[in-house]
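Residue numbers (UniProt numbering): 1 to 105. The block underneath contains the structure these notes are about, expressed in structure tokens.
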């Protein structure tokens with residue numbers, strides 16, 4: 001009985017958390033100039049936000065896992081990794097060739 005109550009409470013907390021995130025995304029969408037983003041609407045804007053956040057958190061996960069393994073990762077490497085993934089998001093993966101050519105010079 002207690003486990004079922006705890007699970008319902010957990011589900012309610014998750015719904016409230018998601019509602020807060022949606023409210024923040026809608027508030028950001030309301031003040032964003034969509035002309036430069038070339039997005040069709042709120043759904044695409046929300047997907048873009050999720051992708052950008054996942055890039056950031058993936059990079060942070062990479063950093064902390066490297067620390068646990070006693071590997072050194074510099075801030076410049078983390079920034080380069082983030083910028084590369086954002087470039088892929090903006091221009092497609094084929095833009096990686098330009099990035100690699102520029103880096104090898």
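Quick reminder that beta carbons are idealized off the backbone N, C-alpha and C, glycines included.
Check: Cβ contact check for the region 34-44 and the region 8-23: 3 or more pairs under 8 angstroms; Outcome: no
Check: Three-state secondary structure (DSSP) of residue 50; Outcome: helix
Check: Rounded C-alpha distance that separates residue 106 from residue 51; Outcome: This structure does not reach residue 106, given that the chain is present from 1 up to 105, and the question cannot be answered.
Check: Backbone CA spacing between residue 23 and residue 41 [nearest angstrom]; Outcome: 16 angstroms
Check: Helix, strand or coil at residue 26 [DSSP, three-state]; Outcome: helix
Check: C-beta atoms of residue 45 and residue 29 nearer than 8 angstroms; Outcome: yes
Check: For residue 73, three-class secondary structure by DSSP; Outcome: coil
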